[in-house]
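*Asks:* In my numbering, the protein residues as written are 1073 to 1330.
Note that CB positions come from ideal geometry on N, CA and C, so glycine has one too.
For clarity, every value in this text was computed on a predicted model and none was experimentally measured.
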Ligand code: NAP
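1. Are the CB atoms of residue 1090 and residue 1263 nearer to each other than 8 Å?
2. Please classify residue 1088 as buried or exposed, where buried requires at least 16 neighbouring CB atoms within 10 angstroms.
3. Secondary structure at residue 1319, three-state DSSP: helix, strand or coil?
4. Under 7 Å: does the beta carbon of residue 1266 sit that close to some heavy atom of ligand 1?
5. For residue 1110, is the beta carbon positioned less than 7 Å from some heavy atom of ligand 1?
6. Compute the distance between the beta-carbons of residue 1141 and residue 1163, then report whether it is under 8 Å.
7. Can you check DSSP and say which residues form a bridge with residue 1128?
8. For residue 1254, verify whether its CB is less than 7 Å away from any heavy atom of ligand 1.
9. Buried or exposed for residue 1258, going by 16 or more other Cβ atoms inside 10 Å?
10. Nearest CA to the CA of residue 1175: which residue from 1139, 1190, 1297, 1229?
11. Going by DSSP in three states, residue 1330 sits in which element: helix, strand or coil?
12. So within the stretch 1116-1197, which uninterrupted alpha helix (DSSP H) runs reach at least 4 residues, ignoring any that extend past its ends?
13. Let me check you understand the geometry: is the CB of residue 1342 closer than 7 Å to at least one non-hydrogen atom of ligand 1?
14. For residue 1258, write down the residues that DSSP places opposite it in a beta bridge.
15. Beta carbon of residue 1330, beta carbon of residue 1219: below 8 Å?
16. So does the stretch 1245-1257 actually touch the stretch 1289-1298, counting three or more Cβ pairs closer than 8 Å?
17. Pull up the DSSP beta-bridge partners for residue 1298, would you.
18. From what residue to what residue does the beta strand (DSSP E) around residue 1209 run?
19. What residues match up with residue 1080 in a beta bridge as DSSP calls it?
20. Measure from the alpha carbon of residue 1079 to the alpha carbon of each residue in 1119, 1118, 1125, then state which is nearest.
21. Can you find a heavy atom of ligand 1 that lies under 7 Å from the Cβ of residue 1215?
22. DSSP beta-bridge partners for residue 1090?
23. Whose C-beta lies closer than 7 Å to the C-beta of residue 1286 among residues of the same chain, with five residues either side of it excluded?
24. Taking Cβ positions, are residue 1324 and residue 1252 nearer each other than 8 Å?
25. Using a threshold of 7 Å, is the CB atom of residue 1158 nearer than that to any non-hydrogen atom of ligand 1?
26. Cβ of residue 1131 versus every heavy atom of ligand 1: is any distance shorter than 7 Å?
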């Protein structure tokens, strides 16, 4: 018996890193999980590993694709109980060299992508909540960049701060419906996104990968990177009945960095 037996979760960006850990953790606790992303390969590998996981190819920056993603998830597993808006990307730029295209890419995937994902799923979740009075969950994967500024990632920080604002406003509005809305804010986490950042730092500064990793890990007072499983454990708790009165929160998972 898992705490999520009979539940249906949609996890965007579920083919790698934090999203894959979340999808595995929710599936281990009994949920049927639809994982979405742009590349079919990683999603299909996840589905091959986990019997309760279904792959859906979708780009969260495209409203029609988000509507189709939600429709496909409902067709496969029935009404959606849990949405984890995790898909995201981080590009760095010095402030003076940010251009509109960079800004729109960062806002597009990290903020608008979460909005489109939730907008596509919410009407169905509200209908079901009205019908059965049950609890449902929306979890955004934001970042410590939603709670403080970092150099060279102003657009990413602005998008992630926006995610927390969106989560708080939705939480206030949806509280009477039984849908909780929270944002999880990891510090530097050991995923392909972090590896890409380390390679960029190495290419731009000439420092070795190990030096770059040590400097980033030092930002965490515990002196290490967060693991995807630690983020997934908090998402699992938020999705469990035990967290029914937790809503509108931005939860830092950062070893005390924030
Ligand atoms: P990751 O391994 O690169 O995962 C990002 C996922 O998002 C990928 O599966 C990617 O799949 C998907 N994705 C990207 N753009 C998409 C789009 N337009 N439509 C649909 N899916 C898209 O990185 P991660 O570290 O696990 O990141 C997951 C989330 O955690 C992100 O929101 C990130 O901002 C946040 N976060 C990460 C860290 C960190 O240090 N790693 C820290 C704090 C917060 P496709 O490329 O196949 O689409």
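*Replies:* Taking the structure as given:
1. Taking C-beta atoms as the reference points, residue 1090 and residue 1263 count as a pair closer than 8 Å.
2. The residue is buried, with at least 16 neighbouring Cβ atoms inside 10 Å.
3. DSSP places residue 1319 in coil when its eight states are reduced to three.
4. Residue side-chain check: residue 1266 places its Cβ nearer than 7 Å to a non-hydrogen atom of ligand 1.
5. Within the cutoff, so yes.
6. One thing to note: residue 1141 has its Cβ no nearer than 8 Å to the Cβ of residue 1163.
7. 1108, per the DSSP bridge assignment.
8. Flag unset: Cβ of residue 1254 not near ligand 1.
9. By the neighbour-count rule (16 or more Cβ atoms within 10 Å), residue 1258 is buried.
10. 1229 is the residue among 1139, 1190, 1297, 1229 whose C-alpha sits nearest the C-alpha of residue 1175.
11. When secondary structure is reduced to three states using DSSP, residue 1330 falls in the coil class, being assigned neither helix nor strand.
12. You should have 1135-1149, 1172-1179.
13. With the chain represented from 1073 up to 1330, any question about residue 1342 goes unanswered, as that position is not in the structure.
14. DSSP lists 1325 as partners of residue 1258.
15. Their beta carbons are under 8 Å apart, which means residue 1330 touches residue 1219 by this criterion.
16. Taking 8 Å as the limit for Cβ pairs, the verdict is that the stretch 1289-1298 does not touch the stretch 1245-1257.
17. Under DSSP, residue 1298 forms a beta bridge with 1261.
18. Counting along the chain, the beta strand (DSSP E) containing residue 1209 begins and ends at 1208-1213.
19. DSSP, once it has assigned bridges, lists 1104 as partnering residue 1080.
20. Looking from the CA of residue 1079, the closest CA among 1119, 1118, 1125 belongs to 1125.
21. In terms of side-chain proximity, the C-beta atom of residue 1215 is found nearer than 7 Å to a non-hydrogen atom of ligand 1.
22. Per DSSP, none; premise fails for residue 1090.
23. Once the five neighbours on either side are set aside, residue 1286 has no close Cβ partner at all.
24. At least 8 Å separates the beta-carbon of residue 1324 from that of residue 1252.
25. Residue 1158 Cβ: within cutoff of ligand 1.
26. In this structure, residue 1131 has its beta carbon less than 7 Å from a heavy atom of ligand 1.
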